[in-house]
Structure formats: structure tokens, C-alpha cells
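Undergrad: Residues 1 to 251, numbered by full-length UniProt numbering, are exactly what the sequence shown covers, in order. Glycine residues also receive a C-beta, built at the ideal position from the N, C-alpha and C atoms. On a predicted model such as this, the values are computed, not experimentally measured, just so you know. Input: one structure, supplied below.
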Amino acid sequence: MEISDMFWNASIAELKQGYVEQPTSYICLLCGEKIEKGIIYPEGNVLYEAERYMRLHIKNAHQSVFEYIIGLDKKLTGLTEHQNRLLRLFYQGKSDKEVQTELGIGSASTIRHHRFALKEKERQAKVFLAIMELLKEKDQYAPAFIPPHQTAKMLDARYAITEEEQQKTIKKFLPDGISGRLKRFPPKEKQRLIVLREMAKRFKQDVVYTEQEVNEMLKEMYEDYVMVRRYLIEYGFLDRKSDGSQYWLKK
1 MEISDMFWNA SIAELKQGYV EQPTSYICLL CGEKIEKGII YPEGNVLYEA
51 ERYMRLHIKN AHQSVFEYII GLDKKLTGLT EHQNRLLRLF YQGKSDKEVQ
101 TELGIGSAST IRHHRFALKE KERQAKVFLA IMELLKEKDQ YAPAFIPPHQ
151 TAKMLDARYA ITEEEQQKTI KKFLPDGISG RLKRFPPKEK QRLIVLREMA
201 KRFKQDVVYT EQEVNEMLKE MYEDYVMVRR YLIEYGFLDR KSDGSQYWLK
251 K
């Protein structure tokens, strides 16, 4: 299971804590870091058991689960930029007056109205989640969709990919998997997205690659490696320095 799949399939409680527990480890939902159970981890002059060390990892690497989630693209959070700014200030513990002063809008009562609107959005979200859970129990024809990768730059019809579509596309264009070569570059955008997601699996988290290393890796899969590299960046799988000297897998 990809980390992005794990993120989308996590429960609300797991998302709030930022990690999931597995039989032998804890896995960070935000970056995929795995902390093995049964090991004592040193940090400074303190020793931590696995779960507490995972919490420390989230604090050190991501500040907090809130900061990570609120920083996701608005297509994923459903928040407007204004709502995002309000929630960040509320999370910082600022009063209505302080928020009003910082944003320079209306009055304290205006901020209270925004709080009410956000609570209404929360209630609607709970009702919608309940509806979808009940629907799962009855809708025998609903296809299983592949969750979008967390670093997607946009969400549109291209991301409505079923598990069946994904398997067919991979079999057609990458019959030997990510260790083999791409038979041809997909002409359709949805197929392209599926193939690029597979190709991105060749890259490791927290590893910085030179442009030459990226080129060599992609050249093993397809002759027009420059085009593939460009698409991997365009679709939000890879990121790079502005001068192209370093590349890495986006989190």
C-alpha cells in the first residue's frame, strides 16, 4: 500500500494523531517514516519507546498534524484561503479581537460569525460522512477509486481512477512493472497519470538526486526521459531546485 493510500484510508482518529499502528511498527501518515516497535530510540539525552518517538518525529519533521493538513492544497481540504487563515489563527489560540486585528476585517462579531460558519461546515461534514458510510453498505455497484497522491497540484476528472482502470493501464504500458520499460508513453491523461505514479515509485523518500541520477533512472524506463521528468514535476510527483541541480520525491 502506498503511503498516500494509507493516508486516505486512515480513520479520523488516526489522521488526528498522524500515524497508524501496525503489528511491528508505527508509520507516519504524513511522510511514511517507519518506527519499529521493540526498539529504544535516543534523542538528545532522552530515550523514547517507539510510539512516543513517532510523536516526536511528527513534531520535529512536520511541526504538528494540524500544520501538515492545513497546508495541503485547497482542492484536498475544501477550504478557501480565507477559511485557511482563520483556522490557523484559531489554532494559535488567538481571541476574536486578535484575529480581527491581524486580518484587518470587520469587528470581533464578524470573527464570531466566521466561527459559526466553520462549525456549520463541520456539522455538514459529519452528516456527509455518515451518508457516505451508509451508502457503502448498500451501493454494490460503486467502483473502488484510487486515492489521489497527496502532492497532486490539481484534482479533476483525471483523478477519477478505479482500481480496475489502474491495473489494466499498468498491464498495458508497464507489463513488467516499475523494474521494466515503458512500452510507449500513454496518449490519454488518465493513463498518463497512472503510469507516472508507478514510475515515481522508483524514487525514495528523503533522498536528493542530481539531475544526472534522475535522467539515468528514467532512461532505464523510457527513451524520452526529459519529457517524463517534466511530467513527473508537472503532476506533483517530483520537486526540484530552480536551477535543476537537485530533485526529490515530494511528500
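Using only alpha-carbon positions, find the residue among Gly104, Ile111 and Thr80 that is nearest to Ser95.
TA: Ile111
Undergrad: Note down the Cα distance separating Val20 from Phe185, rounded to an integer number of angstroms.
TA: In a straight line, the C-alpha of Val20 is about 36 angstroms away from that of Phe185.
Undergrad: Should Glu189 be labelled buried (16 or more other beta-carbon atoms within 10 Å of its own) or exposed?
TA: exposed
Undergrad: For the pair the stretch 237-245 and the stretch 187-205, tell me if three or more CB-CB distances fall below 8 angstroms.
TA: yes
Undergrad: Between the C-alpha atoms of Asn60 and Glu51, what's the straight-line distance to the nearest angstrom?
TA: 14 angstroms
Undergrad: Could you tell me if Thr80 is buried or exposed, where buried requires 16 or more neighbouring beta carbons within 10 angstroms of its beta carbon?
TA: Around the beta carbon of Thr80, fewer than 16 other beta carbons sit within 10 angstroms, so the residue counts as exposed.
Undergrad: By how many angstroms is the C-alpha of Ser107 removed from the C-alpha of residue 253?
TA: It is not possible to answer for residue 253, since the shown part of the chain is limited to 1 through 251.
Undergrad: Could you name the residues of the same chain whose beta carbon sits closer than 7 angstroms to that of Ser25, not counting the 5 residues immediately before and after it, in chain order?
TA: Lys34, Ile35, Glu36 and Lys37
Undergrad: Are the beta-carbon atoms of Leu30 and Tyr91 separated by less than 8 angstroms?
TA: no
Undergrad: Helix, strand or coil: which one does DSSP assign to Thr77?
TA: Thr77 falls in the helix class under three-state DSSP.
Undergrad: Are there 16 or more other CB atoms within 10 angstroms of the CB of Met132, so buried, or fewer, so exposed?
TA: exposed
Undergrad: Nearest CA to the CA of Gln246: which residue from Tyr222, Leu232 and Gln212?
TA: Gln212
Undergrad: Taking the DSSP output, what are the residues bridged to Lys34?
TA: Under DSSP, Lys34 shares a beta bridge with Ile27.
Undergrad: Short check: CB of Gln191 to CB of Thr210, under 8 angstroms?
TA: no
Undergrad: CA-CA distance, Arg229 and Val99?
TA: 43 angstroms
Undergrad: Quick check: the Cα distance between Asp73 and Val226, rounded to an integer number of angstroms?
TA: 27 angstroms
Undergrad: Name the DSSP beta bridge partners of Val20, please?
TA: Ile27
Undergrad: Give the single residue among Gly104, Leu87 and Ala160 whose Cα lies nearest to the Cα of Phe116.
TA: Leu87
Undergrad: Could you check the C-alpha separation between Lys97 and Gly104 for me, to the nearest Å?
TA: 10 angstroms
Undergrad: How many whole angstroms separate the CB atoms of Ile58 and Gly18, which I take to be in contact at a CB cut-off of 8 angstroms?
TA: 5 angstroms
Undergrad: Identify the residues that DSSP records as bridge partners of Tyr247: which are they?
TA: Tyr209 and Arg240
Undergrad: Is the beta carbon of Leu129 sitting closer than 8 angstroms to the one on Gln83?
TA: No, these two residues do not count as a Cβ contact at 8 angstroms.
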